[in-house]
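Residue numbers (my numbering): 218 to 607. All C-beta atoms, glycine included, are put in the ideal place defined by N, C-alpha and C. Only one structure is covered here, and it is reproduced in the block below.
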Amino acid sequence: MNLYFPKGFLWGASTSAHQVEGNNQNDWSVWEKANAQRLASLNKNRKIEFPQARDPQNYISGRAADHYNRFRDDFQIASSMGHNAHRFSIEWSRIEPQEGVFDQREIDHYRKVISSLKEKNMKPLVTLWHWTLPIWLKDKGGLLNPEFPNYFSRYAQRMADEYHDLVSFWMTLNEPTSVISNAYIKGLWPPQKRNPIKALIASKNLAQAHKSAYKAIKRRDLNASVGVGHIMTMFCGVLSSLNIFNRMFLSLCGPENQDYISLQYYFSKGFRAQKFSDMGWPLHPEGIYPLLMKLKKYKKPIYITENGLVDADDLHRRWYIEETLKSVMSAIKEGVDVRGYFHWSLIDNFEWDKGFWPRFGLVEIDYKTLERKPRPSSDYYSKICKNNHL
Ligand code: BGC
218 MNLYFPKGFL
228 WGASTSAHQV
238 EGNNQNDWSV
248 WEKANAQRLA
258 SLNKNRKIEF
268 PQARDPQNYI
278 SGRAADHYNR
288 FRDDFQIASS
298 MGHNAHRFSI
308 EWSRIEPQEG
318 VFDQREIDHY
328 RKVISSLKEK
338 NMKPLVTLWH
348 WTLPIWLKDK
358 GGLLNPEFPN
368 YFSRYAQRMA
378 DEYHDLVSFW
388 MTLNEPTSVI
398 SNAYIKGLWP
408 PQKRNPIKAL
418 IASKNLAQAH
428 KSAYKAIKRR
438 DLNASVGVGH
448 IMTMFCGVLS
458 SLNIFNRMFL
468 SLCGPENQDY
478 ISLQYYFSKG
488 FRAQKFSDMG
498 WPLHPEGIYP
508 LLMKLKKYKK
518 PIYITENGLV
528 DADDLHRRWY
538 IEETLKSVMS
548 AIKEGVDVRG
558 YFHWSLIDNF
568 EWDKGFWPRF
578 GLVEIDYKTL
588 ERKPRPSSDY
598 YSKICKNNHL
């Protein structure tokens with residue numbers, strides 16, 4: 218039996234600027250250069266199957282997948298795979314390389330990026346902050362600066378002013394909780410400040426930044442749909458009481474300040490997994506169902522804005538997509554208003570402090586030649602996108 222998705226369902230994939238564009242100058246690019254050697258030595262005795270993990274160069278984003286110059290080719294691939302939507306991020310450090318100075322050339326660049334999607338009938342979902350900061354802002358304390366919400370909303374306002382004629386679907390912040398936990402609780406990511414008070418300040422500033430940016434975008438376009446990207450892990454069995462953390466940031470930003478609810482899901486914890494991603498994440502595609510059921514109460518459209526796995530040999534990706542989408546369909550049948558699915562990721566990319574070896578792409582990148590090669594599972598996903606059914 219064919220399982221049809223609702224009419225107008227959005228099908229696509231996600232990327233983020235720093236992970237694919239290449240040649241960004243921001244807080245991460247500075248940190249990568251200072252930490253590449255250390256990150257490579259951390260991986261010395263692990264990941265034997267990925268020798269790249271021991272090479273310091275693996276940890277420097279450099280030219281990445283050169284998506285900055287090749288976005289048209291990449292969107293052409295996505296379009297030929299039947300995607301009718303695409304999520305990407307604007308790199309704040311390009312737009313505002315110095316405090317209060319906006320770079321018109323970069324503003325024009327992203328207009329070309331958005332127009333290229335529109336020409337291919339792909340709806341753009343534009344993320345304004347996917348974790349990186351301009352260097353001037355890093356130097357002023359980044360997320361901890363009390364002015365952070367004002368800096369961010371000024372930038373958001375400018376982006377809405379520039380692109381409101383082309384974009385109606387926005388994500389202000391991507392997964393704030395991932396940064397809070399990795400930078401300020403675990404101390405692994407820049408600025409590596411392990412301190413619970415700082416974690417609280419960053420959370421408060423990010424929530425306020427979203428609220429101000431939400432207002433700024435809505436002032437320009439009342440009909441725009443604006444949300445925040447939320448990562449959620451399904452905690453099973455004895456861990457189930459931890460599920461409460463999944464919706465903490467959603468509450469902090471206020472559901473009334475989110476026109477849609479985003480869900481970004483990768484794995485569950487507290488169950489016995491049979492399959493693992495190359496990074497060792499336990500694969501449990503069905504875990505998305507209970508998470509979606511919990512989001513029903515907000516009575517808002519829901520978009521799955523990230524979901525995927527590291528699978529260089531493409532062994533599990535097809536199965537993972539199929540099982541995830543079956544679970545999404547079950548939730549839809551239970552009345553959950555899911556309106557779109559964006560796979561992570563369109564192309565292989567730079568996986569933050571893990572660098573280039575983890576392969577998340579529907580499309581493989583040969584980092585020597587920059588050749589793009591769709592993986593076999595992308596055919597399977599493409600059929601779903603084109604037919605709107607499983
Ligand atoms: C992030 C991406 C990241 C992906 C896989 C999400 O948390 O938004 O930037 O690459 O997960 O780890």
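Tell me whether residue i is buried or exposed, calling it buried when 16 or more other Cβ atoms sit within 10 Å of its Cβ.
{"i": "Ile538", "result": "buried"}
{"i": "Met465", "result": "exposed"}
{"i": "Ser457", "result": "exposed"}
{"i": "Val455", "result": "exposed"}
{"i": "Ala251", "result": "exposed"}
{"i": "Tyr276", "result": "buried"}
{"i": "Gly404", "result": "exposed"}
{"i": "Glu308", "result": "buried"}
{"i": "Arg289", "result": "exposed"}
{"i": "Thr586", "result": "exposed"}
{"i": "Ser485", "result": "buried"}
{"i": "Trp350", "result": "The question names Trp, but residue 350 is Leu in the sequence shown. It counts as buried."}
Any heavy atom of ligand 1 closer than 7 Å to the CB of residue i?
{"i": "Ser370", "result": "no"}
{"i": "Phe466", "result": "no"}
{"i": "Ile448", "result": "yes"}
{"i": "Phe577", "result": "yes"}
{"i": "Glu551", "result": "no"}
{"i": "Ser278", "result": "no"}
{"i": "Gln236", "result": "yes"}
{"i": "Trp536", "result": "no"}
{"i": "Glu364", "result": "no"}
{"i": "Ser233", "result": "yes"}
{"i": "Glu523", "result": "yes"}
{"i": "Ser395", "result": "yes"}
{"i": "His303", "result": "no"}
{"i": "Glu568", "result": "yes"}
{"i": "Asn391", "result": "yes"}
{"i": "His501", "result": "no"}
{"i": "His347", "result": "yes"}
{"i": "Trp309", "result": "no"}
{"i": "Trp561", "result": "yes"}
For residue i, does the three-state DSSP call read helix, strand or coil?
{"i": "Trp406", "result": "coil"}
{"i": "Lys511", "result": "helix"}
{"i": "Gly444", "result": "strand"}
{"i": "Ser494", "result": "coil"}
{"i": "Pro527", "result": "According to the sequence displayed, residue 527 carries Val and not Pro. Three-state DSSP puts Val527 in coil, outside helix and strand."}
{"i": "Ala548", "result": "helix"}
{"i": "Val580", "result": "strand"}
{"i": "Ile521", "result": "strand"}
{"i": "Val455", "result": "helix"}
{"i": "Phe319", "result": "coil"}
{"i": "Ala230", "result": "strand"}
{"i": "Met298", "result": "coil"}
{"i": "Thr450", "result": "strand"}
{"i": "Ile324", "result": "helix"}
{"i": "Ser306", "result": "strand"}
{"i": "His284", "result": "helix"}
Going by Cα to Cα distance, which pick from the options is closest to residue i?
{"i": "Gln242", "options": "Asp530, Phe305, Tyr520 and Ala281", "result": "Ala281"}
{"i": "Ala548", "options": "Leu563, Thr541, Lys571 and Met510", "result": "Met510"}
{"i": "Val553", "options": "His303, Asn362, Lys355 and Tyr477", "result": "Tyr477"}
{"i": "Met451", "options": "Asn474, Gln475, Ala416 and Phe488", "result": "Phe488"}
{"i": "Lys516", "options": "Val343, Val555, Glu313 and Thr344", "result": "Val555"}
{"i": "Met546", "options": "Leu607, His326, Leu587 and Phe484", "result": "Leu607"}
{"i": "Trp346", "options": "Tyr431, Val527 and Tyr597", "result": "Tyr431"}
{"i": "Ala253", "options": "Pro407, Lys514 and Val384", "result": "Pro407"}
{"i": "Gly578", "options": "Tyr368, Thr232 and His501", "result": "Thr232"}
{"i": "Gly497", "options": "Pro575, Gln274 and Trp536", "result": "Pro575"}
{"i": "Pro314", "options": "Glu266, Pro273 and Asp244", "result": "Asp244"}
{"i": "Leu354", "options": "Asn219, Arg311, Asp382 and Trp387", "result": "Arg311"}
{"i": "Lys410", "options": "Arg375, Tyr221, Glu503 and Ala400", "result": "Ala400"}
{"i": "Tyr327", "options": "Glu364, Trp348, Glu238 and Asn604", "result": "Glu238"}
{"i": "His303", "options": "Phe386, Arg371, Phe222 and Asn362", "result": "Phe386"}
{"i": "Glu473", "options": "Phe484, Asp495 and Lys428", "result": "Lys428"}
{"i": "Trp228", "options": "Ala295, Asn367 and Ala270", "result": "Ala295"}
Just reading off the alpha helix (DSSP H) that residue i is part of, what are its end residues?
{"i": "Arg427", "result": "Note that residue 427 is His in the sequence shown here, rather than Arg. First-last of the alpha helix (DSSP H) with His427: Pro413 to Arg437."}
{"i": "Val237", "result": "Ala234 to Val237"}
{"i": "Trp176", "result": "Outside the shown range of the chain, which is 218 to 607, sits residue 176, and nothing can be said about it."}
{"i": "Ala377", "result": "Phe365 to Tyr380"}
{"i": "Lys603", "result": "Pro593 to Asn604"}
{"i": "Trp353", "result": "Ile352 to Asp356"}
{"i": "Trp309", "result": "Trp309 to Ile312"}
{"i": "Phe466", "result": "Met465 to Cys470"}
Would the beta-carbon of residue i be found less than 7 Å away from any heavy atom of ligand 3?
{"i": "Ser479", "result": "For the structure depicted, ligand 3 is absent and the ligand set comprises only ligand 1."}
Within the 8 Å Cβ cut-off, does residue i reach chain D?
{"i": "Phe288", "result": "In the displayed structure, chain D is absent; only one protein chain is listed."}
Would you kindly report the start and end of the unbroken beta strand (DSSP E) that includes residue i?
{"i": "Gln481", "result": "Ile478 to Lys486"}
{"i": "Leu342", "result": "Lys340 to Trp346"}
{"i": "Trp387", "result": "Phe386 to Asn391"}
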